[in-house]
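Student: Residue 17 is where the sequence shown starts when you use the working numbering, and the numbers rise one by one after that. Idealized CB from N, CA, C, for every residue including glycine.
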Amino acid sequence: MTIYAIGDIHGHSAQLDRALRLVERDGGADARIVFLGDYTDRGPDSRGVLDRLVGGLAEGRNWVCLKGNHDRMFERFLTEGRENDDRIKSGLSWMNKRLGGPSTLGSYGLGGEGAAFLHAANGGIETLASYEIEGDLLDPQEVVMRAREAVPQAHLQFLAQRPIHHGEGECLFVHAGLRPGIALEDQDEDDLLWIRDGWLEDTRDHGPLVVHGHTALDAPEHYGNRLNLDGGAGYGNPLVPVAIEGRDAWMLTEKGRVPMVPAG
17 MTIYAIGDIH GHSAQLDRAL RLVERDGGAD ARIVFLGDYT DRGPDSRGVL
67 DRLVGGLAEG RNWVCLKGNH DRMFERFLTE GRENDDRIKS GLSWMNKRLG
117 GPSTLGSYGL GGEGAAFLHA ANGGIETLAS YEIEGDLLDP QEVVMRAREA
167 VPQAHLQFLA QRPIHHGEGE CLFVHAGLRP GIALEDQDED DLLWIRDGWL
217 EDTRDHGPLV VHGHTALDAP EHYGNRLNLD GGAGYGNPLV PVAIEGRDAW
267 MLTEKGRVPM VPAG
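(1) Taking the alpha carbon of S29 as the point to measure from, which residue in E148, D67, V159 has its own alpha carbon closest?
(2) Measure from the alpha carbon of G122 to the alpha carbon of each residue in H191, D24, A163, W215, then state which is nearest.
(3) So who's on the other strand from M267, going by DSSP bridges?
(4) Using only the alpha-carbon positions, how far apart do W266 and G72 sit?
(5) Which of helix, strand or coil does DSSP assign to G59?
(6) May I ask which residues mark the beginning and end of the beta strand (DSSP E) holding V226?
(7) Figure out for me which residue from E184, G197, F90, T231 has the closest Cα to the Cα of V167.
(8) Tell whether a beta-carbon distance below 8 Å holds between M255 and L32.
(9) Using CA atoms only, rank isn't needed, just tell me which of L225, G197, A279 is closest to E261.
(10) Please confirm whether A21 and F189 have their CB atoms less than 8 Å apart.
(11) Taking the alpha-carbon positions, what's the L209 to E75 distance?
(12) Determine the contact status of H228 and A279, defining contact as a CB-CB distance below 8 Å.
(13) Using three-state DSSP, classify W215 as helix, strand or coil.
(14) Under the assumption that D42 contacts L245 (Cβ atoms under 8 Å), give the Cβ distance between them as a whole number of angstroms.
(15) Can you have a look at A45 and say buried or exposed, based on whether 16 or more other CB atoms are within 10 angstroms of its CB?
(16) For L144, count the other beta carbons within 10 Å of its own beta carbon; 16 or more makes it buried, fewer makes it exposed. Which is it?
Here's what the structure looks like:
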């Protein structure tokens, strides 16, 4: 059985459409696809990405859509008004352009520019001071309320209901990775969504082939014990879908399959 996987999309709906066409060309309209999360932020059309995924699930498409750390940040902003996450060592706010909150809100018609921040009052944790929407300078509470009005309930429900991991065939799919040496049922959700240190350099066999994204590369890579499918679409690179059969994988291109040879 072939399982297709698509890494971090980051608001690039046109790239998602292209990736879905490549998958359908290789595996047909009912191809099994696992999406690894980070559907929102940085790119220009987070709303369009969520529209396609929500619509596909509603149509009964053979898809699994996992949660990414950016999806959780967007969800928490909407439900709790939170703009910071303890795993962001820099203290940046989700409303910083580097993380992409303004571009996500912009896709719902809520500005896209004008974020401002305060630092001194809270130990260097970046905090939204004001945000301009249609010429109005809004305070943080007003921005959250406008976002709640603009984001469809179906999008919020989608974000809230995403699973954190998915096992199928010889693979374990997860957004960021695992804490090595810890059983899956004992893993910390924050690690599954955010981990890099202690994970990326670990070469041991984790049992299943771990298929993840989160850490941007120039293109997907096979490391033998894991596949990293974040090819940097959030930074302007193409979104490259991958076909997986057992522990073997191929990138899908306009010219067909390209084998992924384990590094080293």
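Tutor: In short:
(1) D67
(2) A163
(3) V258, V274
(4) 24 Å
(5) coil
(6) 225-228
(7) It is F90.
(8) Per the sequence shown, residue 255 should be read as Leu rather than Met. Yes; because the gap between Cβ atoms is below 8 Å, this pair is in contact.
(9) Taking the Cα of E261 as reference, the smallest distance to any Cα among L225, G197, A279 is reached at L225.
(10) yes
(11) 27 Å
(12) no
(13) DSSP, reduced to helix, strand and coil, places W215 outside both helices and strands of the structure shown, so it counts as coil.
(14) That pair is no contact at about 15 Å.
(15) Exposed: under 16 other Cβ atoms inside 10 Å.
(16) buried
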